[in-house]
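Q: I'd like to ask you about the structure that follows.
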Amino acid sequence: MTTEEYEKTKDMLTAWANYNSYVRQYKYEIDENIKLSKALEKNREDVDCYIDEDIRETTNNALEYCKSRIKKLDTIVRETAKFKELMDSIVDGLNILDKNLLVARYIKKQDWDTMATFWPCEISSRQIQRIHRSLLDNILQKYEELSSKK
């Protein structure tokens, strides 16, 4: 596993662990853009017909931007949900110790030494790091397999 693949897999697991906060943020942005576009629509309808052409054009441009941003964010939310589903299927296929390692590292954000103290048997933080690296390699392989099928 190259350094780039290692970092990519860590980023994927971080995204998997932070899925709910990402989706919450995207949905908040969608709601804000919807509110803004409604305000712009109302502003455009309420504007006097003698208003400056530049202001009308700016309002129309802002409205178009809001609509395109909403579509883009909606697409991101759907793709993120597909990614989460794929990662969940990979993680569900792991044994309990591997799952616990991922939860401790990416969701609870524990360091290696803390993780070693909660392991069910005597193990060093260096051994956990090796297990983690091989686990990342397996996850990347499974991810690439499943991604190519879809």
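In terms of my numbering, the sequence shown opens at residue 1188 and continues consecutively. Even glycine gets a Cβ: it sits at the ideal position worked out from N, Cα and C.
(1) Given a cut-off of 8 Å on the beta-carbon distance, is the pair Y1206 and K1271 in contact?
(2) Along the alpha helix (DSSP H) that carries E1332, what are the first and last residues, could you check?
(3) Please tell me whether T1201 and Y1330 are closer than 8 Å, where the distance is taken between their beta carbons.
(4) Between S1312, P1307, N1325 and D1218, which lies nearest to L1281 when the distance is taken from Cα to Cα?
(5) Decide yes or no for the touch test of the region 1252-1263 against the region 1303-1314: beta carbon pairs closer than 8 Å, at least 3 of them.
(6) Any idea what DSSP makes of K1295, helix, strand or coil?
(7) Among K1254, E1266, R1231 and N1220, which residue has its Cα nearest to the Cα of R1243?
(8) Given a cut-off of 8 Å on the beta-carbon distance, is the pair L1323 and T1245 in contact?
(9) Taking K1269 and V1278 to be in contact with their CB atoms under 8 Å, please state how far apart those CB atoms are, rounded to whole angstroms.
A: Put simply:
(1) yes
(2) S1312 to K1336
(3) no
(4) N1325
(5) no
(6) coil
(7) R1231
(8) no
(9) Going by Cβ atoms, the distance from K1269 to V1278 rounds to 15 Å, so no, they are not a contact pair.
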